[in-house]
Structures are given as structure tokens and as C-alpha cells.
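Participant: Under the UniProt record's numbering, the first residue of the sequence shown carries the number 1, and numbering increases by one thereafter.
Yeah, the Cβ is synthetic: ideal placement off N, Cα and C, and Gly gets one too.
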Amino acid sequence: MSTINMRSTLGGFRAVANNARTKAASKLASPPVRSRSLVVRAKVEEPKETDEEPKTTSGVPAVPYTSPEPKTFFVKPDQAGDIAGASLPFAFRLASGGFTSGYNFAVAPNDDSKYSVARMAGQMVVETSIVAGFKRPAQPLVLYEFEACPFCKKVREACAILDLDVMFYPCPKDSPNFREEAIADGGKKMFPYLKDPNTGMSMYESDDIVQYLFNEYGDGEVPLPLSLGPVTSITAGLSLLGRMGRGMTYRDAITPEQPLEVWSYEASPFCKVVREVLVELEIPHKMISCARGSPKRQEMFEKKGLFQVPFLVDPNTGVETFESAEIVEYLESTYGLKA
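1. Determine, using beta-carbon pairs with one atom in the region 267-284 and one in the region 69-84, whether at least three such pairs fall under 8 Å.
2. Spatial neighbours of I183 within its chain, please: C-beta separation below 8 Å, excluding the five flanking residues on both sides.
3. Might you give, ordered along the chain, the residues of its own chain that have their beta carbon closer than 7 Å to the beta carbon of G218, omitting 5 neighbours on each side?
4. Would you mind reading off the limits of the alpha helix (DSSP H) that contains T321?
5. Is the region 284-304 touching the region 88-101, taking contact as three or more C-beta pairs under 8 Å?
6. Between the C-alpha atoms of R179 and Y250, what's the straight-line distance to the nearest angstrom?
7. Nearest by alpha-carbon distance to V131: which of C290, M167, P225 and G122 is it?
8. Could you check whether the region 85-97 touches the region 221-231, counting it as contact only if at least three pairs of C-beta atoms, one from each stretch, sit closer than 8 Å?
9. Of the choices F105, F92, Y65 and R243, whose alpha-carbon is the least far from that of A80?
10. Please specify which runs of the alpha helix (DSSP H), each continuous and at least 4 residues long, are wholly inside the region 61-103, giving them in chain order.
11. Distance, Cα to Cα, residue 396 vs D112?
12. Is it true that the CB of I288 sits closer than 8 Å to the CB of E261?
13. Please give the ranges of any beta strand (DSSP E) in the UniProt domain "GST N-terminal" (139-221), keeping only runs that are unbroken, at least 3 residues long and fully inside the region.
14. Using only the alpha-carbon positions, how far apart do F146 and A160 sit?
15. For my contact list, V125 and L143 are in at a C-beta cut-off of 8 Å; report their separation, rounded to the angstrom.
16. Does the separation of the CB atoms of F90 and C152 fall below 8 Å?
17. Report yes if the C-beta of C159 is less than 7 Å from at least one heavy atom of the ligand FAD; otherwise report no.
18. For E329, which three-state DSSP category applies?
Structure follows, in C-alpha cells:
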């Protein structure tokens, strides 16, 4: 290449570079335009080094998470003691809270599009109840309570029997948020405290709440296990002994921006160990009640291809997961603040 051509080429490079600097300076001088669209990036940017944890929109640290494969009635070896202790209520309370009102079952030809608790030899067990014929609340009921309270347990059993979805605001001892909120709203330091946004009713006293629920959302008849007065309260208290006060006292935690969603029912020991942690960490959660005979079992079956509880949905992180042990671990790692 000649000297003249070389100089010409270098001159061209300088012109391009100067032009790029001019454009860059012009962009820096102009204020950035920010889009309000949900899709804010068209290109993937290289990650920058930072000491900060990635955050979700709720401010909760993002959790890299892979949902485990659901395993029916699977108990991890290190969870065996917890599940055994959490199974006591089923015996002490005669399975109250395990079956919806008017529960019945029959054997029918197998239909793979339908939920069944058991299938064999071309047959399936079909479970039914009468709750679909009851009045259904347009909005979830609101309940301030805590897991280790026998009086609160009676109300939770009633909600399971009537297949009622409930917005739970846990109020464990020493909790900083919802306990004081309930006291300020109702005027008493007493639990459970029910608020029904559908009727405007607010009330204390577990027996009164149970009767109200069956009058408003049932057939008015309270089942025998919930209508034995002191015997009901005593057996409800004895049923909690196997967990030695779990679900009673607050532990330091991050409060999520949005309530979690938990598919659950009162008589399940797998659901109980999850609720204990939700209460201790004072995590508000909407319970989708789905005891035996609930129509919502078919609803989950259609959405997920199976039915299994507990099932957790966290809108703050996008996590959806089965398996009680993994849910407990997830809650502790995401919201718990261990000393």
C-alpha cells in the first residue's frame, strides 16, 4: 500500500472516530427517555458486578428455585418426627377438618380427565360433597389467629368443612404487625378474630364464629366434633401437644409485599408443618381450602395435572411448589431472618 493510501485510510478512521464521539456527546447531553411499557429491554445486557442481592419487585431477594417433583405421601427421613407429631390432631379430633360437609364417595369407571384419590383395574374413587350447594362468599373471609391456639383450630376446622377460602393474618406472640392490627380493629386482645367482608360482620369467640359460619355458609347444623363445648376445646388443645408449641411465637422475618397463596386443609399433617412456619414468620396468606370432597381438587387437577397439598404460590418471587419439606425450606430461606 502506498504512503498516500495509508494516510487516506488513517484519515478516514479518525473521521469515523470523531463522528462517534460527537454522537455519544449528543446522547449524554439529552435526557434519557424512559418507557412505561412492561417490556423495557429489547436486548440482554451483560451483568454488572455488584455486592447487592438481586431483588424481586417486592424487595424480597430473588431465590433461584426449582420446584421438586411431587411425591404422594413422601416423608423425608429428617421430617419423620415433625409429620408424626403433626398427625396427632387427626386422631384427637376424629379427622375433623379433613372432609367437607356431606362427604361421600363411590366407585366409577376410570376417567383420566377427573381427579381421583385412587385408581385401580379400570375403576376410580369419586369423592363428592354438598358444599357446592351452599352459599359461597364473594370475597375470602379474613381471620386473625395463630396455629398453636386450640380455639383458632376450631374455626380453621369449620372453614375446611365448609370449603371456605380464608385470608389469614397470623398473630403469633410478640409479632410486630397483625396482632396489633387486630387489637386496634376489634378492641380486644383475643383470638381468633373473624371479619367477613361479605356481610360486614366482625366477631370474637370461637364457638360463636363456628355457629356463624355454618349459619351463613352451610346448612346451619354444626358437626358433632365442633359442638361438644369444653370437650371440643380440650381435644383441640391435646391435639397440638405433638408439636410442642410450634406456630405460637414470632421469629424475625421479612414481610412480603403480597400475601402468599396456600392450597391446604386443616387435617393434613403435611399442611400443618407449613402453616406453623407461615405463622411464626407472620406471613399473610390466602388459604385455598380443599379438604376431601372439595370441588377445588378437580380445579387443581385441571391446572397442574395432579392434586397434592400443600401447594404454595408466591406472587412476590414467582415460585410455585409442592412438598411440605421444600416449602418450609423455601419460606425459611426467603423470609426468615435467622440469628
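Facilitator: Reading it off the structure:
1. yes
2. K189
3. S101, F134 and L162
4. Segment V319 to T321 is the beta strand (DSSP E) holding T321; no alpha helix (DSSP H) there.
5. yes
6. 11 Å
7. C290
8. yes
9. R243
10. 80-86 and 88-92
11. Here the chain covers residues 1 to 339 and nothing more, so residue 396 does not appear.
12. yes
13. 141-145, 166-170, 193-196 and 201-203
14. 16 Å
15. Incorrect: roughly 32 Å between the Cβ atoms, too far for contact.
16. no
17. Looking for the ligand FAD in the displayed structure turns up nothing, as the structure carries no ligands at all.
18. helix
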